[in-house]
Amino acid sequence: ILNVEQSPQSLHVQEGDSTNFTCSFPSSNFYALHWYRWETAKSPEALFVMTLNGDEKKKGRISATLNTKEGYSYLYIKGSQPEDSATYLCAFTSGTYKYIFGTGTRLKVLA
Amino acid sequence: DAGVTQSPTHLIKTRGQHVTLRCSPISGHKSVSWYQQVLGQGPQFIFQYYEKEERGRGNFPDRFSARQFPNYSSELNVNALLLGDSALYLCASSLLGDDTYEQYFGPGTRLTVT
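As they're listed, the protein sequences go chains A and B. If you count by my numbering, then the first sequence holds residues 17 to 127, one letter each, in order. If you count by my numbering, then the second sequence holds residues 943 to 1056, one letter each, in order.
Written out as structure tokens, the structure reads:
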């Protein structure tokens, strides 16, 4: 059974702090890893799609890295703002048109 | 441009009934996926359709079925509803059926089974 794990489950940081989360996935049969941000009462929003070992992607203050050999991806947020408060989800796919999501990391940024 | 739309927003059904959920993808998107999300868990993959063909199916019983229409909209059907089917049902569309394309999610349909 393929499993995707995210840590920590939840996180409280002060405004201005930098933070990071981990997504662990099966290292075999890797095809792509997706990161999403899901704010309360909104739809999940795509952040990154990562496909190559060593990939690094950046969008504003958010960046992500990928290590397919050891099966993990990190998501970094630099200088957290209250509007970054959300659940961050990762989803693994082995290219079989099925996505396996982690349970998410719930981030709360305190002003 | 309109995003992914889903209807209805909320729905209350009784055990044993049938339900149909609807999804309209972003214009030009040919792939639609369905997910079930229960509180405290990540979305669970149900189906992916591309060009009206089922491309992937998650570990859900045969009570769950779906289809995609020529205009790429999609329906998710659930028969013989159980209390455990109560969840948020999310639809996502992508441009093509390849798993490297970004998925765009709709707001979801909240199903409550009593």
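Beta carbons are placed, not taken as given, at the ideal position from N, Cα and C, and that holds for glycine.
By the three-class DSSP mapping on this structure, what secondary structure does residue i have?
i: Gly1026(B); result: helix
i: Glu99(A); result: helix
i: Thr951(B); result: coil
i: Gly945(B); result: coil
i: Ile968(B); result: coil
i: Ser1036(B); result: strand
i: Glu55(A); result: coil
i: Tyr1014(B); result: coil
i: Phe46(A); result: coil
i: Tyr1046(B); result: strand
i: Lys75(A); result: strand
At the level of alpha carbons, what is the spacing between residue i and residue j?
i: Tyr1043(B); j: Val65(A); result: 7 Å
i: Gly1050(B); j: Glu996(B); result: 21 Å
i: Phe46(A); j: Val29(A); result: 32 Å
i: Leu63(A); j: Asn36(A); result: 15 Å
i: Lys124(A); j: Lys75(A); result: 20 Å
i: Asn83(A); j: Asp71(A); result: 8 Å
Under 8 Å Cβ to Cβ from residue i, same chain only, skipping five residues before and after it: list those, please.
i: Ser34(A); result: Tyr92, Ile93, Lys94, Gly95 and Ser96
i: Ser59(A); result: none
Going by beta carbon distance, what residues of the same chain come within less than 6 Å of residue i, once the five residues before and after it are set aside?
i: Ser949(B); result: Arg964
i: Gly32(A); result: Gly95
i: Gln990(B); result: Ser975, Arg997 and Gly998
From the DSSP output, which residues share a beta bridge with residue i?
i: Arg122(A); result: Ser26(A) and Thr103(A)
i: Arg999(B); result: Phe989(B)
i: Val1020(B); result: Val961(B) and Phe1006(B)
i: Tyr88(A); result: Ser40(A) and Asn83(A)
i: Val974(B); result: Tyr991(B) and Ser1035(B)
Ignore the nearest five residues each way along the sequence and tell me which others in residue i's own chain have a CB closer than 7 Å to its CB.
i: Asp1027(B); result: Val1020, Leu1053 and Val1055
i: Thr947(B); result: Ser966 and Gly1048
Mind checking the segment 989-1003 of chain B against chain A and listing, in chain order, the residues whose C-beta falls within less than 7 Å of any C-beta there? Answer in chain order: Gln990, Arg997, Gly998 and Gly1000.
Chain B contacts made by the segment 61-79 of chain A, where a contact means CB separation under 8 Å: From the segment 61-79 of chain A, only Glu61, Ala62, Val65 and Thr67 have a Cβ closer than 8 Å to chain B.
Identify each residue in the segment 1010-1031 of chain B for which the Cβ-Cβ distance to at least one residue of chain A is less than 8 Å, and report them in chain order. Shown here is that no member of the segment 1010-1031 of chain B has a Cβ falling below 8 Å from a Cβ of chain A.
Could you please tell me which residues of the segment 105-122 of chain A, in chain order, have their CB closer than 8 Å to any CB of chain B? Those would be Leu105, Ala107, Thr109, Gly111, Thr112, Tyr113, Lys114, Tyr115, Ile116, Phe117, Gly118, Thr119 and Gly120, in chain order.
Mind checking the segment 33-52 of chain A against chain B and listing, in chain order, the residues whose C-beta falls within less than 9 Å of any C-beta there? Those would be Tyr47, Ala48, His50 and Tyr52, in chain order.
Which of the residues in the segment 1037-1053 of chain B, read from start to end, lie with their CB under 8 Å from any CB of chain A? Per Cβ criterion, the list reads Gly1039, Asp1041, Thr1042, Tyr1043, Glu1044, Gln1045, Tyr1046, Phe1047, Gly1048, Pro1049 and Gly1050.
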